[in-house]
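Asks: Per the numbering used here, numbering through the sequence shown is continuous, rising by one, with the last residue being 230.
Ideal placement from N, C-alpha and C gives every residue a C-beta, glycine not left out.
Just so it is clear, the structure is predicted and the values come from calculations on it, not from any experiment.
The following block contains the structure, expressed as structure tokens.
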Amino acid sequence: MAITAEQVKQLRDKTGAGMMECKAALTEANGNMEEAITLLRKRGLAQAAKRAGRATAQGTIGTYIHLGGRIGVMVEVNCESDFVARTDDFNNLVKEVAMHIAAADPKWVRREDVPADAVEKERAIYRAQMEGQNKPANVIDKIVEGKLGSFYSQFVLLDQPSIRDGALTISQVVAAASAKTGENIQINRFTRYRVGEGDA
């Protein structure tokens, strides 16, 4: 099937991928736009995974103030070069992440940041909920891990569904920006303030 320039432009507008990548994805997907978007996402995530080990010593600290000054966020997002740190794509990502933090109130950036005792406390709660249900130990383990996944998606920034597009996690949003800029991008740390929540 022949892919039109209009289809390529539509896909490019939706994904930010290059013209040739868009055309190749549409060709592979036989012109199906949603399938082509999925293909580009998969490729972007694969490329981002390859870049993940590269040093990120540049970046910016973004801020966002919400609700008439009642909630404020500062977030540090890093990339590999000063050039990318100044691009609109990178700064739009930083702004989006800051707004997301204001709205979704995560507690940690990544799973590894969650204290071991907090994870064990959650596991213990989930196991206690399973008591008396006469389920095999391996089934209980699977249920506990599933509930732990839900805990992460509620409190870990990279696991949270994006407030802008709930079909994507913040990790996937960052990976897409990484694919677009060609650099490793990492959210380093954040602080969220809410009026009245400080120490008494």
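Do residue 88 and residue 108 have their CB atoms nearer than 9 Å?
Replies: The answer is yes: Cβ separation under 9 Å.
Asks: Is the region 192-199 touching the region 147-155, taking contact as three or more C-beta pairs under 8 Å?
Replies: Contact fails: fewer than three Cβ-Cβ distances are below 8 Å.
Asks: Have a look at the DSSP bridge pairing and note the partners of residue 94.
Replies: According to DSSP, which records beta bridges pairwise, residue 94 is partnered with 103.
Asks: How should residue 211 be labelled, buried or exposed, when 16 other C-beta atoms within 10 angstroms of its C-beta is the threshold for buried?
Replies: Buried is the call here.
Asks: Please report the straight-line C-alpha distance between residue 101 and residue 95, rounded to a whole angstrom.
Replies: Rounded to whole angstroms, residue 101 to residue 95 spans 6 Å at the Cα level.
Asks: Please report the residue range of the alpha helix (DSSP H) in which residue 216 lies.
Replies: Counting along the chain, residue 216 falls outside any alpha helix (DSSP H), though it belongs to the beta strand (DSSP E) covering 216-224.
Asks: Taking DSSP as the reference, what is the three-state secondary structure of residue 89?
Replies: Three-state DSSP puts residue 89 in a strand.
Asks: Using 8 Å as the Cβ pair cut-off and three pairs as the minimum, do the region 167-175 and the region 114-133 touch?
Replies: Too few Cβ pairs lie closer than 8 Å, so no.
Asks: Tell me whether the region 129-144 and the region 157-172 touch, counting them as touching only if at least three CB pairs, one residue from each stretch, are closer than 8 Å.
Replies: The region 129-144 is not in contact with the region 157-172.
Asks: If you drop the 5 nearest sequence neighbours on each side, which residues of the same chain put their C-beta closer than 7 Å to that of residue 44?
Replies: These residues qualify, in order along the chain: 67.
Asks: As a quick exercise: from 49, 188, 36 and 117, pick the residue whose alpha carbon is nearest that of residue 213.
Replies: Nearest C-alpha to residue 213: 117.
Asks: Out of curiosity, what's the CA-to-CA distance linking residue 143 and residue 58?
Replies: Whole-angstrom Cα-Cα distance: 39 Å.
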